[in-house]
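Protein sequences appear in the order of chains S and B.
Under my numbering, the residue at position 28 of the first sequence is numbered 218, and the numbers go up by one with no gaps.
Under my numbering, the residue at position 52 of the second sequence is numbered 242, and the numbers go up by one with no gaps.
There are 2 protein chains.
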Amino acid sequence: MNAATELAVAYIEAWNETDAVQRRSLIEKAFTRDVSYVDPIMNGDGHDGVDALIAGVHQRFPGFRFKLMDGVDGHADYLRFSWELGPEGTEAPIQGTDFAVVEAGRLARITGFLDRVPAE
Amino acid sequence: MNAATELAVAYIEAWNETDAVQRRSLIEKAFTRDVSYVDPIMNGDGHDGVDALIAGVHQRFPGFRFKLMDGVDGHADYLRFSWELGPEGTEAPIQGTDFAVVEAGRLARITGFLDRVPAE
């Protein structure tokens, strides 16, 4: 794995971790201390902020898993990757693409966009 | 057109303008004074920097035009859009996606990624 893919994998691992202690460790590994995250429906800053966002998604979508899609793309300190979210073993109802700025090997600013959302 | 699409259109217009005076005017309309632009093969800062990048692309690809693709997507001050670049009337050999941060209605930071490049 190259560095871009490693970081995208670390990001997905953090988002999938339901154990609070384990998740904190994964968040510290993947995100800078003053990380900022924003997407069309939520935003959070710092390790505490990201942790709260992830916990909120687990609460809203119990049993759903994030899966990294092919095509992680990075240049210099910029990264983009797409993911899907859904119950394991089914076609994922939600897909998105994240853009990130990397600082010293960790994710510093993440901006998310949604590519697929469930019909109302 | 919504604000996100208007800004993406203004961006494409600036990239397509071959007249130096007209282009400068379009750049001032679309980009903040201290804009930064970076993609996998080039980068530039400020109106002068962006102008030089655009002139360089015209020199390298004479007659090529940028075309905005469907699906301009924005939330808060964040924007993404995809474009294609090629000779008019043919399938474009180059496609990319730009992610931008907007400040006061103009593009402040643009990070570009390439989705399709010609085979070597």
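Note that beta-carbon positions come from the ideal geometry of N, C-alpha and C, so glycine has one too.
Strictly under 9 Å for the Cβ-Cβ distance: is residue i near chain B by that measure?
i, result
"residue 221 of chain S", "no"
"residue 306 of chain S", "no"
"residue 263 of chain S", "yes"
"residue 228 of chain S", "yes"
"residue 266 of chain S", "yes"
"residue 195 of chain S", "no"
"residue 287 of chain S", "yes"
For residue i, write down the residues that DSSP places opposite it in a beta bridge.
i, result
"residue 274 of chain S", "S/257, S/285"
"residue 233 of chain S", "S/228"
"residue 299 of chain S", "S/226, S/291"
"residue 264 of chain S", "S/269"
"residue 306 of chain S", "S/285"
"residue 221 of chain B", "B/297"
Can you grab the Cα-Cα spacing for the pair residue i / residue j, in whole Å?
i, j, result
"residue 217 of chain S", "residue 224 of chain S", "12 Å"
"residue 194 of chain S", "residue 215 of chain S", "20 Å"
"residue 249 of chain B", "residue 211 of chain B", "17 Å"
"residue 261 of chain S", "residue 287 of chain S", "11 Å"
"residue 208 of chain B", "residue 252 of chain B", "10 Å"
"residue 192 of chain B", "residue 267 of chain B", "13 Å"
"residue 205 of chain B", "residue 244 of chain B", "6 Å"
"residue 299 of chain S", "residue 289 of chain S", "8 Å"
"residue 283 of chain S", "residue 246 of chain B", "42 Å"
"residue 265 of chain B", "residue 292 of chain B", "10 Å"
"residue 161 of chain S", "residue 196 of chain B", "Outside the displayed span of chain S (191 to 310) sits residue 161 of chain S, for which this structure offers no information."
"residue 269 of chain B", "residue 220 of chain S", "24 Å"
"residue 281 of chain S", "residue 242 of chain B", "46 Å"
"residue 263 of chain B", "residue 303 of chain S", "8 Å"
"residue 278 of chain S", "residue 213 of chain B", "51 Å"
"residue 165 of chain S", "residue 226 of chain B", "Past the boundaries of the shown model lies residue 165 of chain S; chain S is included only from 191 to 310, so the question cannot be answered."
"residue 285 of chain B", "residue 297 of chain S", "26 Å"
"residue 222 of chain S", "residue 234 of chain B", "26 Å"
Within 9 Å of any Cβ in chain S, is that where the Cβ of residue i sits?
i, result
"residue 240 of chain B", "no"
"residue 254 of chain B", "no"
"residue 291 of chain B", "yes"
"residue 270 of chain B", "yes"
Can you find a C-beta in chain C that's less than 9 Å from the C-beta of residue i?
i, result
"residue 301 of chain B", "Absence of chain C from the displayed structure is noted, the protein chains being S and B."
Any contact between the stretch 229–242 of chain B and the stretch 257–272 of chain B? By contact I mean 3 or more CB pairs, one from each, below 8 Å. Taking 8 Å as the limit for Cβ pairs, the verdict is that the stretch 257–272 of chain B does not touch the stretch 229–242 of chain B.
At least 3 beta-carbon pairs within less than 8 Å: the stretch 269–278 of chain B vs the stretch 232–244 of chain S: Inter-segment contact for the stretch 269–278 of chain B and the stretch 232–244 of chain S is absent: fewer than three beta-carbon pairs are separated by less than 8 Å.
The stretch 197–215 of chain B contacting the stretch 293–309 of chain S, beta-carbon criterion three pairs below 8 Å: no
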